[in-house]
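Engineer: Can you keep this structure in mind? I'll have questions shortly.
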């Protein structure tokens with residue numbers, strides 16, 4: 046019998062599908078789903094290092110959803126398979142207020158980023174980061190990458206440019222890489238007038254808005270202390 050979880054209504058199904066659809070445009074691989082205490086935590090990857098000496102930070106997106114059941118699991122599943130299941134479900138829903146049971150696809154081998162669990166407590170609050178700054182950094186970085194890469198398709202060149210642009214710290218927030226702004230922008234976490242709460246513990250930094258969370262884990266040798 047396959048595992049499943051139950052969302053509180055069809056609006057939550059739409060919300061989850063939208064989030065995963067945006068995530069798929071960043072990293073079309075896997076998603077980590079953790080259920081417990083009537084909450085579903087959905088993690089996706091925006092950036093992560095490709096090797097031991099790669100100092101690219103791990104940048105994750107996180108959305109949480111209320112559950113109507115007491116499902117408990119921690120699984121990594123193909124993102125596209127999850128999206129396909131949600132699409133089929135959405136075609137059958139007629140009552141927006143009805144609880145919706147969602148079955149999980151078969152698990153896949155854990156991705157490196159999915160084996161890293163952000164801490165749940167011990168966060169220290171830092172200065173808020175205006176959403177307008179995050180939008181500006183994201184848009185400027187997207188344009189810079191586009192201009193630098195042009196029609197170039199060689200993966201090593203594209204990777205180098207992306208690394209240089211998105212590893213750059215945000216002015217005035219040296220503990221937050223530009224990659225976090227790109228993730229917040231691309232995952233739809235920034236609304237007009239939004240501010241991001243910035244919290245930190247050890248190598249982890251978290252940006253929290255009313256629409257979701259971006260979690261950044263830096264390599265130990267890159268920590269500014």
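Residue numbers (our numbering): 46 to 270. Beta carbons: idealized from backbone N, C-alpha and C, even for Gly.
Which residues in the same chain have their Cβ closer than 6 Å to the Cβ of residue 261, if we skip the five residues on either side of it in sequence?
Structural biologist: 102, 104, 225 and 250
Engineer: As a quick exercise: from 204, 96, 181 and 122, pick the residue whose alpha carbon is nearest that of residue 154.
Structural biologist: 122
Engineer: Compare the Cα-Cα distances from residue 124 to each of 138, 237, 92 and 151 and report the closest residue.
Structural biologist: Minimum Cα-Cα distance from residue 124 among the listed residues 138, 237, 92 and 151 corresponds to 151.
Engineer: Helix, strand or coil: how does DSSP classify residue 267 here?
Structural biologist: Unreliable positioning characterises residue 267 in this predicted model, as indicated by a pLDDT of 48, which lies under 50. The coordinate reading is nonetheless provided below. In this structure, residue 267 counts as helix in the three-state DSSP scheme.
Engineer: Is residue 46 helix, strand or coil when you go by DSSP?
Structural biologist: Residue placement at residue 46 is poorly supported in this model, since its pLDDT is 47, which falls under 50; the coordinates still yield a value, given next. Coil.
Engineer: Does DSSP classify residue 58 as helix, strand or coil?
Structural biologist: helix
Engineer: DSSP three-state label for residue 177, please.
Structural biologist: helix
Engineer: Which value, in whole angstroms, describes the spacing of the CA atoms of residue 131 and residue 58?
Structural biologist: 7 Å
Engineer: Kindly give me the distance between the Cβ atoms of residue 115 and residue 83, rounded to whole angstroms, as I take these residues to be in contact under 8 Å.
Structural biologist: 7 Å
Engineer: Tell me, which residues are paired with residue 207 by DSSP?
Structural biologist: DSSP, once it has assigned bridges, lists no residue as partnering residue 207.
Engineer: To the nearest angstrom, how far is it from the Cα of residue 199 to the Cα of residue 228?
Structural biologist: Between residue 199 and residue 228, the C-alpha separation is close to 24 Å.
Engineer: Suppose the cutoff is 6 Å on Cβ atoms and the five residues either side in sequence are ignored; what does the same chain contact list for residue 111 look like?
Structural biologist: 53
Engineer: Using the Cβ count rule (16 or more neighbours within 10 Å means buried), how would you classify residue 95?
Structural biologist: Residue 95 should be labelled exposed.
Engineer: Would you call the region 154-170 and the region 59-70 in contact, with 3 or more CB pairs under 8 Å?
Structural biologist: In short, these stretches do not touch, since the Cβ pair count stays below three.
Engineer: Measuring only the C-alpha atoms, how far is residue 77 from residue 85?
Structural biologist: 10 Å
Engineer: By Cβ distance, which residues of its chain are closer than 7 Å to residue 189, with the 5 residues on each side in sequence left out?
Structural biologist: 210
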